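Chains as they are written, first to last, in my numbering: chain W, 1 to 321; chain D, 1 to 171; chain A, 1 to 337; chain P, 1 to 382.
Built from N, CA and C at the ideal position, the CB exists for glycine as well.
Since the structure is predicted, the reported quantities are computational estimates derived from the model, not experimental observations.
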């Protein structure tokens, strides 16, 4: 017991570093994939080789910028909001198992923890939107809250379906429970849950086609309009951390986690998460965005009923088998 | 003189429009000439809405634009409206003269909703007041702008502030 | 209001609707159509040209910057008069020259304010004496407003970048074609330094000193013979139409070109000398920017031109971020062999 | 109240009214990602719903009509490139035609055909850009890059011929400046072929996309009579279902000789306006092909010099540019400079219909509608 207590800070630091450093490949992939699908090359100069140093350069650029707090803003809330966004997003990393036994904090309720923390982001958005005292942030904040509430439900329903199928909330056990070969849940329950999960992920991280809260062609940057410098990239970092965390959870829930032939588990895990992330980026830069009311209709009239039916179906399925 | 005559459809309908206008407006139609494929009708300023309403009823439904012309020598402004008939492919220009010291002409935004901005533009550039226009505010110019830039006596400052470099050197 | 009685053909919209009906077998299926398009693009080669080290070749007519040929300017002020932006400043004075009846104008100052210039080309068009030319050069920006006012020395320097006007299409007016050909040849003879009076003098003096020093003229004779042959056969067309210094210079230049270090030689990069003068980059063959070898891509062409520029200046080309010499090595080898 | 409005600035008045009602006034622009420059839209919002919206212009007013009164025809063509910089060549041609018609100059056929080729290439470039940019308005980040890329092919041709990509200044009174350079003909057919494949791609990329259809179908419906009333022209008017096209109606540039269709829409919503432009690109390709086929030999200019004076008279010449009816009402008193030149631009009238279109829509629709009108702020403000 004392040993694990001693290791706690070490584990914390490692988790933090993983969360922080994983943003570098994500940002680089984002820049490069988006560039190539736009028929561009993307960054080419920093770091000599194909702009490999661009994420670092971006970071340095942003922290150099002046940190502006608008005069009319509610300063303490305004300053606090980025941290409230960032910390839960990083916290999710603590319970994600990368390989058997390789996890920040093994928990029986890991899935619940993930879902709970990802909802905290909504509070940060509201704080930012309210504290900025700007009309664009107000519209963006209202949209964001509506959206996160609407899409938290399908996300939970998708995850709960899997938890029910696996009979556990522990991510490690969910991976173990997935049938051979590596990723198979009974049809159609798994497929529906997957669909719900993926769609809600887009909405959770505010990426197109569900990026109305930050729709740059309508309301500049939504809740983040008034932010600059360090605080602005905190939001972005939390967004990226969210993307990675949700991709990792998606991998664990649906793609069989670290399981795979020949290659070591960690490699498999990273590969699968990367595939998830690449798909996210690809769709993000391709699709136009829906309108706010269409998005709400989509969630409440289609996804949530679908999720409920799915959960019901799984319950019946579980009883029968 | 014009090398390109308007299309046959336009020609007949222009004459038709002219005769119609003559019948309906009577003496108010001061002058009607056909020039370069368009009918130029001159009416007194107070008959402007009526004329345009007639033209609209005759099928000239496309409101092209309205603008002013400054003739300081003759002490008058011209208000020119241009309408187009998509059916007959004919164009009619309606002109009315307003005195330069009291330029007032009734608005036509009740006839053509699109005249709104064009009249505002003419108002701010020439100072021609369109009586009855509900939103006669600056459109293109800033609020602090004084004077009416398109009048001939308004000097284009870009051509005054700096000496012309094209002046041939002496000596 | 009458309804428009024109025949309306909305088949375009109908087609699209029909297409949608055909395609949308599943709801939201069209999204994958979009994603297919981006995926295809992602896997194909990007169209980006990495500007500072890769350059596309600009067309000859590109209006990049206005170059001045001071010798041709008669200070007639037409350009300055017709400039819509009033951005050309000319100063001059009258001089009575011996042997001339009337006093002649002499140019004191010719400056163009590129902060005002709108690149309309009117000055070049109205110039009756061909003193102004467009060149595709475009890298003359400045951080200050004053820096955008370029005086005649800089304008003159840009003559090096002027390209010969392109020949016209085959079915163009024959007269226009002929004129264009004349202009083309005139320019081709002196793109990299139009031959001016001063050059002629320099060349003449250099030839004289060379003769006095007893340098062997016969080898010079051989190489001077090769010069006109390598250049496109143009002097025939040029001779009647260009009574300007160019013809005289052409006669003077070949004799003068041999002493490898005369200023006129370094100017005349365009004439591909058989043996490269040792003034610059060692074993690189002379690159004639107007007569590049066939079958190379636009990027390589641009690079070759850039290299030619360095060669012209006698500087070593940069190796960072792209080593021009290394990249162009196959082409240079090919040109050599 | 009316006098209040007359004395006070417009915005002040609106704000005051709003203090009373409590609706939110959202200032979109003049510096905003989706207004293509410096257009400003003052929208009164009730939540996401737009109660009313009013464009505010003038941030880019450069007094072109005043400037033109001080300039000779040659200088004016260079100026008018800057009206609508996305389709520069289309702006200078009608002015040249106006001067030519007043002076009774017969333009050589070869020059006419060359003008048509360049005109339609400019239209291709402009529409190609629109097709991409409109994706950005709806939030897709990739299409604008495709739009810019595609446009560049047509602009390359323009640059090869005229020397500049956008501000061509190539049309002259009595013809064009110079003939095409060698190798110009060979470059056109592959590029037309490219554009045809692009059209197919836009169909796949956006028109087939459900989200795109959801965002544009039934949004910003513009009935024909309203469109005519406001003087909306060009693709925007045709998308509403009436085939008004100056190329078919006026005799200019010999457009009567070419066989092409004037496609029209049937609903007049944003989707139709998009399809309209995609379809017009196709027709432009056809026109260029035909023009290339019957390009007669001969002179390309009547050689009107720099001292050309426009004879007295008045004339209105309109042309169908990519943004709509682009016309010049020229009143000349026999001097070099026009006495009065009214510049009728497509965008000005097209944007004037915005208060009608934006009423009772949603906030995101503002952007969708603004984008679908395909305006250029320089063209609005002049």
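According to DSSP, residues forming a beta bridge with residue 332 of chain P: P/313.
Mind checking if residue 88 of chain A is an interface residue toward chain D, Cβ cutoff 8 Å exclusive? Output row for residue 88 of chain A: interface = yes.
Between the C-alpha atoms of residue 126 of chain P and residue 139 of chain D, what's the straight-line distance to the nearest angstrom? Distance between the alpha carbons of residue 126 of chain P and residue 139 of chain D: 27 Å.
Where does residue 142 of chain A land, buried or exposed, given buried means 16+ other C-beta within 10 angstroms? Classification for residue 142 of chain A: exposed.
Quick one: grab the DSSP three-state call for residue 120 of chain D. DSSP places residue 120 of chain D within a helical segment (H, G or I) once states are collapsed to three.
Could you tell me the distance, in whole angstroms, from the CA atom of residue 47 of chain P to the CA atom of residue 120 of chain W? Per the coordinates, the alpha-carbon of residue 47 of chain P lies some 24 Å from the alpha-carbon of residue 120 of chain W.
Nearest-angstrom Cα separation, counted from residue 251 of chain W out to residue 15 of chain W: Looking at the two C-alpha atoms, the distance is approximately 18 Å.
Cβ pair residue 383 of chain P, residue 370 of chain P closer than 8 Å: This structure leaves residue 383 of chain P out entirely; chain P is present only between 1 and 382.
Straight-line gap, residue 197 of chain P to residue 45 of chain D (C-alpha atoms, nearest Å): Linking residue 197 of chain P to residue 45 of chain D through their CA atoms gives a straight-line distance of about 55 Å.
Starting from residue 115 of chain P, trace the alpha helix (DSSP H) in both directions and tell me its first and last residue. Residues 109–137.
Contact list for residue 57 of chain P against chain D, beta-carbon separation under 7 Å: Going along chain D in sequence order, the residues near residue 57 of chain P (Cβ under 7 Å) are 139, 140.
In this structure, how does DSSP classify residue 250 of chain P when only helix, strand and coil are distinguished? If DSSP states are grouped into helix, strand and coil, residue 250 of chain P belongs with coil.
Same chain, Cβ closer than 8 Å to residue 72 of chain P, neighbours up to 5 away in sequence not counted: If we look at residue 72 of chain P and ignore the five residues flanking it on each side, its Cβ neighbours are 306, 308, 336, 337.
Reference residue 364 of chain P; option with closest CA among P/214, P/249, P/264: Measuring from the Cα of residue 364 of chain P, the nearest candidate turns out to be P/214.
Is residue 110 of chain D buried or exposed, if buried means 16 or more other CB atoms sit within 10 Å of its CB? Exposed: under 16 other Cβ atoms inside 10 Å.
Here's the rule: buried if 16 or more other CB atoms are within 10 angstroms of the residue's CB, otherwise exposed. What is residue 342 of chain P? If you draw a 10 Å sphere on the C-beta of residue 342 of chain P, you find 16 or more other C-beta atoms in it, and that means buried.
Per DSSP, residue 113 of chain A forms a beta bridge with which residues? DSSP, once it has assigned bridges, lists A/149 as partnering residue 113 of chain A.
Let me check one thing: in DSSP terms, what residues is residue 134 of chain A bridge-paired to? Beta-bridge pairing links residue 134 of chain A to A/66.
Can you name, in chain order, every residue of its own chain whose Cβ lies under 6 Å from the Cβ of residue 42 of chain W, other than the five neighbours on each side? Taken in chain order, the residues that qualify are 31, 32, 35.
For residue 230 of chain A, is the classification buried or exposed, using 16 other Cβ atoms within 10 angstroms of its Cβ as the cut-off for buried? Below a pLDDT of 50, predicted positions are generally treated as unreliable, and residue 230 of chain A, at 37, falls in that range; no measurement from the model is reported.
Which word fits residue 181 of chain A, buried or exposed, when buried means at least 16 other C-beta atoms lie within 10 angstroms of its C-beta? Buried, since its Cβ has 16 or more Cβ neighbours within 10 Å.
Against residue 168 of chain A, what residues of chain P qualify as contacts under a CB-to-CB distance less than 8 Å, listed in chain order? Those within 8 Å of residue 168 of chain A in chain P are 178, 179, 180, 181, 182.
Who are the Cβ neighbours of residue 196 of chain A in its own chain at under 6 Å, not counting the five residues just before and after it? Residue confidence for residue 196 of chain A is low, a pLDDT of 46 falling below 50, so the modelled location carries little weight; the figure read from the coordinates is stated next. These residues qualify, in order along the chain: 71.
Tell whether a beta-carbon distance below 8 Å holds between residue 111 of chain W and residue 163 of chain W. It is a contact, given that the beta carbons lie within the stated cut-off.
For a cutoff of 8 Å on Cβ pairs, would you count residue 205 of chain P as touching chain A? Interface residue (Cβ-Cβ distance to chain A less than 8 Å): residue 205 of chain P is classified as such.
Enclosing alpha helix (DSSP H) for residue 99 of chain P [first to last residue]: Looking at the DSSP string, the run of the alpha helix (DSSP H) that includes residue 99 of chain P is 88–103.
Can a CB atom of chain A be found closer than 8 Å to the CB of residue 189 of chain P? Among the CB atoms of chain A, none fall inside 8 Å of the CB of residue 189 of chain P.
Hey, does residue 153 of chain D have any beta-carbon neighbour from chain P nearer than 8 Å? Not a single C-beta of chain P is nearer than 8 Å to the C-beta of residue 153 of chain D.
Would you say residue 158 of chain P and residue 124 of chain P are within 8 Å of each other, going by their C-beta atoms? No, the pair does not count as a contact, with Cβ atoms beyond the cut-off.
Alpha-carbon spacing of residue 270 of chain A relative to residue 167 of chain P, whole angstroms: With a pLDDT of only 41 at residue 270 of chain A, under 50, the local geometry of the prediction cannot be trusted, and the value read off the model is given with reservation. Cα-Cα distance, rounded: 31 Å.
Which of the three DSSP states, helix, strand or coil, is assigned to residue 68 of chain W? Residue state, collapsed to three classes: coil.
Got a sec: is the Cβ-Cβ distance from residue 300 of chain P to anything in chain A below 8 Å? By this cut-off, residue 300 of chain P is an interface position.
Which bits of chain W does residue 46 of chain A rub up against, with CB to CB less than 7 Å? In chain order: 36, 39, 40, 41.
Mapping the DSSP letters down to three states, classify residue 171 of chain P as helix, strand or coil. Note: residue 171 of chain P maps to strand in three-state DSSP.
Which residue from D/51, D/141, D/136 puts its Cα closest to that of residue 27 of chain D? Taking only the C-alpha atoms, the option nearest residue 27 of chain D is D/51.
What residue from P/227, P/288, P/94, P/257 has the CA that sits closest to residue 62 of chain D's CA? When each option's Cα is compared against that of residue 62 of chain D, the closest is P/227.
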